[in-house]
Each structure stands twice: as C-alpha cells, then as structure tokens.
Amino acid sequence: MAHTNCEHLLADLSDYIDGEAADAVCAEIERHLADCADCRAVVDTLRKTIYLYRNLPQPALPEATRTRLLAAFTFDTAPDT
C-alpha cells in the first residue's frame, strides 16, 4: 500500500537510521514502514548505501583530478568593489 504523505518521514530519517531518533519518532516511523513498501525500500537502500560507504575502500583520486577539484572549491572571499 503506497502512501501520498511520506514526506513527514524525511526530516527524521537520518536520525532513525543512525539510531539517534527519539523512541516516539522511531515508533511512528516503524508503524509507517509496516504499511509502506516504498518507504521500506528507501530505508533499506539508504542503510545499504551507508554500509557500503563505511566499509568499502575509498578509490584513489588522481592528482590532476584532486588539483582541479580543490581549485573549483577555492572561492574569492574579497568583497566586490
């Protein structure tokens, strides 16, 4: 059964997955997940993504790419005059 009002979960989803949400929030999310296959898929995918990110080795970044990336994040902080 799909719900049209799933957006209310998004604000607390990160805390829920990290185990940091209040008990009442966890209970509300779990009630919703029991009836909403779409949200269960989102939570499952997010959990798997976090697991993979934390457990897989980080790929090497070529030095030229690293240099370009750092240059892209260098902002001119002087005020416009």
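Residues 196 to 276, numbered by our numbering, are exactly what the sequence shown covers, in order.
Glycine included, every Cβ here is placed at the ideal spot set by N, Cα and C.
A quick note: this is a predicted structure, and the numbers were derived from the prediction, not measured.
Around the beta carbon of Y248, a 10 Å sphere encloses fewer than 16 other beta carbons of the protein chains shown; the residue is thus reported as exposed. In the structure shown, A217 adopts coil according to DSSP, grouped into three states. The straight-line gap separating the alpha-carbon atoms of R242 and Q253 is approximately 18 Å. Unbroken alpha helix (DSSP H) runs of no fewer than 4 residues, entirely contained in the segment 221-264, are found at 232-250, following chain order.
In this structure the segment 223-232 does not lie against the segment 254-269, because fewer than three pairs of beta carbons, one per stretch, are closer than 8 Å. Counting of Cβ neighbours within 10 angstroms places L204 among the buried residues, the total reaching 16 or more.
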